[in-house]
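Engineer:
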Amino acid sequence: MDGEEAGQPKRELYALLQVSPEATDEDIRKAYRHWAQVYHPDKYQDFHMQQIATENFQRICQAYEILSDEYKRQIYDIYGMEGINSGLELGPKLNKVEELKAELERLRKRKEEEKMLAHFRPSGTILSHLSLPQFLDGDGIMRGSSRSMSYVFEKLKVLYDTGVEKFLCSLTCMPTQMAMSSEVQSQLSKRTAIAIGGNLEVNENSGGGAASTVLRHQLSPVSSIEFIASAGLRALIGVQTTRNLSLHSTATIAIAKSLRDGSINLSNTWTRQLSETANGNIQLLLGPESSIAVGWQKKHEKMSASGELKIGTSSFAVSAHYTHRFSSKSHGRIAGRFGSTNLEVEVGGGRKLSNFSTVRMLYTIGIQGIFWKFELHRGGQKLIIPMLLSRHLNPVFATGAFVIPTSLYFLLKKFVVKPYYLQREKQKTLENKERNSAQVQEARAAAVKAQQLLKIVANRKISRHLETNELVITKAVYGSSKALKKADESREVNQESASEVFDVTIPLNFLINDSGQLKLHEGVRKSGIMGFCDPCPGEPKLLHVEFTYGGKRFEVEVDDYAALLIPQESHRV
């Protein structure tokens with residue numbers, strides 16, 4: 007099943023009785039009596055209608071049997087019908103509420119432990135610098151430098167000052183030929199985690215590496231402590247503690263001592279949530295190279311932005327970036343860095359290839375030259391390849407280096423990438439339809455039968471409400487969100503989309519209560535409602551409803567698990 011349904015409990019039994027997951031025993035009893043009267047076989051003389059009523063009456067009885075039983079309902083709420091059918095029932099060993107809860111808690115803990123043991127999170131980065139001018143001069147494509155290893159030591163200081171991520175970012179601006187980092191994180195217990203990592207750098211005929219270990223322990227819900235140790239080029243030991251000062255403020259204090267020269271670095275960081283989507287931070291670093299940094303970050307559904315000002319004893323730097331998400335699969339990025347040793351602007355964008363892979367292409371121009379940078383992110387792994395195109399800031403060359411790859415990208419996207427993904431998505435949809443066709447046809451047939459028993463009462467309500475200008479559902483369809491959106495744009499459902507939606511006008515009219523309202527509960531999958539079916543298993547679904555009230559037209563669309571209460575003035579067309 008798709009992720010769309012994996013994260014939500016289906017709760018068909020609640021939908022079947024048309025009650026909320028928080029319904030009381032009395033609510034469930036009333037709902038059962040109501041539906042039992044509707045589907046009781048003795049109400050129907052026709053043999054065919056009796057068969058339909060018997061099938062649906064059995065479904066109602068099963069739902070009531072489970073939801074009216076305190077123990078079975080607890081099992082159903084946690085594990086669904088799988089838990090009911092797996093044999094986790096009350097017996098000699100589980101005859102009290104406390105014992106049942108203890109058993110459920112034991113099973114939940116066992117699942118958590120199994121997940122924890124298998125939950126190793128590896129991550130790594132490979133950084134490879136290329137140089138086109140160097141290659142044209144016959145010195146090889148790998149970008150090198152004649153600087154000494156002391157320069158490497160200086161840059162590796164970033165490793166324990168700011169972490170692996172910023173360390174590798176800093177290497178994109180230095181003439182290292184290749185750098186690699188790898189890290190594995192694992193939960194030792196619910197409150198303790200360990201991370202073991204290593205870094206390796208090669209620069210012409212010299213190189214070096216470092217290995218690090220971080221042990222993190224959650225002291226309480228508001229505080230944690232980390233112990234850090236590193237060996238190699240930058241041997242050090244350190245400790246860091248973090249505490250939530252308030253609901254919106256966090257403070258971090260860290261101290262690290264170098265085992266090579268004995269120097270000590272002390273850092274204090276204060277973070278404050280400025281709004282729901284933004285936060286700011288101040289960092290003070292005391293040591294051989296003291297500095298103060300002020301930063302700001304903002305993250306929204308469609309964009310993210312950040313800025314930082316850092317002032318040191320002998321240098322300063324200002325950086326900012328803005329990323330805009332054009333769709334769920336593509337984004338654009340612009341960034342700038344300005345300081346005593348750097349001045350550059352970076353623009354580019356990226357595209358999500360799959361749920362785990364993202365590719366990004368960036369163009370950088372600054373005092374160090376003109377660069378292309380290619381990035382491939384796969385899970386926790388990253389491949390970063392910056393390529394120096396020119397050390398000279400020639401306007402014509404700089405324009406061409408930006409325009410040519412940008413034009414190629416849009417041409418490839420339009421004529422190669424987009425058609426390929428559309429074809430692949432269409433193929434997946436067809437495969438999904440073929441795999442579930444028998445199940446869908448069976449569900450459609452059962453829903454049509456259920457609607458036959460609801461039709462008489464529904465038509466009676468429609469006639470009465472039309473006379474009094476009360477709520478009448480004129481059209482209601484449930485199914486694929488893509489198909490419904492296409493139909494909304496074209497104002498009609500084509501033959502291809504018709505198989506992905508199902509007409510539910512009759513059951514919704516039947517569900518209008520004595521107060522003249524229709525109410526569907528939140529957190530309940532709508533395909534479980536009597537007279538509904540799932541026409542496209544595994545795909546996101548919507549419910550589209552058109553209705554009249556007081557002589558006026560209304561229209562509304564809701565997600566599969568969203569609540570619905572009509573009529574409302576906000577739905578007026």
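Counting the sequence shown from 1 gives a position; this note's numbering is that position plus 6. Note that beta-carbon positions come from the ideal geometry of N, C-alpha and C, so glycine has one too. All figures in this text were calculated on a predicted structure; none of them were measured in a lab.
When the Cα of residue 552 is compared with those of 535, 483, 530, 532, which residue comes out closest?
Structural biologist: Of the listed residues, the one whose Cα sits closest to residue 552 is 483.
Engineer: Could you give the DSSP three-state label for residue 466: helix, strand or coil?
Structural biologist: Helix, per DSSP.
Engineer: Could you name the residues of the same chain whose beta carbon sits closer than 6 Å to that of residue 33, not counting the 5 residues immediately before and after it, in chain order?
Structural biologist: Here the set comprises 25.
Engineer: Could you tell me whether the region 447 to 460 touches the region 500 to 519, where touching means 3 or more Cβ pairs closer than 8 Å?
Structural biologist: A contact exists between the region 447 to 460 and the region 500 to 519.
Engineer: Comparing the CB of residue 463 with every heavy atom of the ligand FMN, is any distance shorter than 7 Å?
Structural biologist: With respect to the ligand FMN, the structure offers nothing, as it holds no ligand at all.
Engineer: By DSSP, does residue 579 sit in helix, in strand, or in coil?
Structural biologist: Note: residue 579 maps to coil in three-state DSSP.
Engineer: Please name the residue in 509, 465, 463, 488 whose C-alpha comes closest to that of residue 481.
Structural biologist: Here the closest residue by C-alpha is 509.
Engineer: Do you know whose CA, among 387, 347, 344, 534, lies nearest residue 364's CA?
Structural biologist: Among 387, 347, 344, 534, the Cα nearest to that of residue 364 belongs to 387.
Engineer: Going straight from the alpha carbon of residue 196 to that of residue 229, what length do you get?
Structural biologist: Going by the C-alpha atoms only, they are around 15 Å apart.
Engineer: According to DSSP, is residue 346 helix, strand or coil?
Structural biologist: Residue 346: coil per DSSP, three-state reduction.
Engineer: From the DSSP output, in three-state form, read off residue 144 for me.
Structural biologist: It is coil, neither helix nor strand.
Engineer: According to DSSP, simplified to helix, strand and coil, what is residue 65?
Structural biologist: Residue 65 falls in the helix class under three-state DSSP.
Engineer: So which of 319, 284, 294, 318 has the shortest CA-CA distance to residue 304?
Structural biologist: The residue with the shortest Cα to Cα distance from residue 304 is 284.
Engineer: Classify residue 451: buried if its beta carbon has 16 or more other beta carbons within 10 angstroms, exposed otherwise.
Structural biologist: Exposed, because fewer than 16 other Cβ atoms sit within 10 Å of the Cβ of residue 451.
Engineer: Are the beta-carbon atoms of residue 209 and residue 183 separated by less than 8 Å?
Structural biologist: Cβ distance < 8 Å, so residue 209 and residue 183 count as in contact.
Engineer: Helix, strand or coil: how does DSSP classify residue 128 here?
Structural biologist: Residue 128 falls in the strand class under three-state DSSP.
Engineer: Which of the three DSSP states is assigned to residue 319 in this structure?
Structural biologist: Looking at residue 319 - three-state DSSP - the assignment turns out to be coil, as it is neither helix nor strand.
Engineer: Figure out for me which residue from 215, 378, 333, 559 has the closest Cα to the Cα of residue 188.
Structural biologist: Among 215, 378, 333, 559, the Cα nearest to that of residue 188 is on 215.
Engineer: Which class does residue 277 belong to by DSSP, given the choice of helix, strand or coil?
Structural biologist: Strand.
Engineer: Return the chain-ordered list of same chain residues with a C-beta closer than 6 Å to the C-beta of residue 548, the five sequence neighbours on each side being excluded.
Structural biologist: Correct list, in chain order: 487, 490, 563.
Engineer: Is it right to say residue 172 is buried, meaning 16 or more other beta carbons lie within 10 angstroms of its own, or is it exposed?
Structural biologist: Only weak support is given to the placement of residue 172: the predicted model assigns it a pLDDT of 43, under 50, and the value that follows is read from those uncertain coordinates. Per the 10 Å Cβ criterion, exposed.
Engineer: Quick one: residues in its chain with C-beta nearer than 7 Å to the C-beta of residue 396, no 5 flanking neighbours on either side, listed in chain order?
Structural biologist: If we look at residue 396 and ignore the five residues flanking it on each side, its Cβ neighbours are 139, 375, 376, 403.
Engineer: Let me confirm a value: residue 289 is counted as buried when at least 16 other C-beta atoms fall within 10 Å, else exposed. Which label applies?
Structural biologist: Buried: at least 16 other Cβ atoms inside 10 Å.
Engineer: For a quick check, are the C-beta atoms of residue 523 and residue 472 less than 8 Å apart?
Structural biologist: Not a contact, by the Cβ cut-off of 8 Å.
Engineer: For residue 45 and residue 127, what's the separation of their Cα atoms in angstroms?
Structural biologist: So the two alpha carbons sit approximately 53 Å from each other.
Engineer: Apart from the five residues on each side of it in sequence, which residues of its chain come closer than 7 Å, Cβ to Cβ, to residue 577?
Structural biologist: These residues qualify, in order along the chain: 560, 561, 562.
Engineer: For residue 349, collect the residues of the same chain with a Cβ closer than 8 Å to its Cβ; drop the 5 residues on either side in sequence, then sort them by chain order.
Structural biologist: Counting only Cβ-Cβ distances below 8 Å, and skipping sequence neighbours, we find 343, 372, 373.
Engineer: Whose C-alpha, out of 417, 503, 466, is nearest the C-alpha of residue 432?
Structural biologist: Residue 432 has its Cα closest to that of 503, out of 417, 503, 466.
Engineer: In this structure, does DSSP put residue 332 in helix, strand or coil?
Structural biologist: Coil at residue 332, not helix or strand.
Engineer: What is the rounded straight-line gap between the Cα of residue 8 and the Cα of residue 67?
Structural biologist: Note on residue 8: pLDDT 42, under 50, position unreliable in the model; the coordinate value appears next. One C-alpha to the other measures close to 30 Å.
Engineer: Compute the distance between the beta-carbons of residue 264 and residue 242, then report whether it is under 8 Å.
Structural biologist: In contact: residue 264 and residue 242 (Cβ atoms closer than 8 Å).
Engineer: Under the three-state reduction of DSSP, which class applies to residue 408: helix, strand or coil?
Structural biologist: Note: residue 408 maps to helix in three-state DSSP.
Engineer: Do you know whose CA, among 544, 383, 407, 531, lies nearest residue 130's CA?
Structural biologist: Closest by alpha carbon: 383.
Engineer: In chain order, what residues of the same chain lie with their CB nearer than 7 Å to the CB of residue 332, ignoring the 5 residues before and after it?
Structural biologist: If we look at residue 332 and ignore the five residues flanking it on each side, its Cβ neighbours are 338.
Engineer: To the nearest angstrom, how far is the alpha carbon of residue 63 from that of residue 38?
Structural biologist: Rounded to the nearest angstrom, the two C-alpha atoms are 10 Å apart.
Engineer: Answer with buried or exposed for residue 369, where buried requires no fewer than 16 other C-beta atoms within 10 angstroms of its C-beta.
Structural biologist: By the neighbour-count rule (16 or more Cβ atoms within 10 Å), residue 369 is buried.
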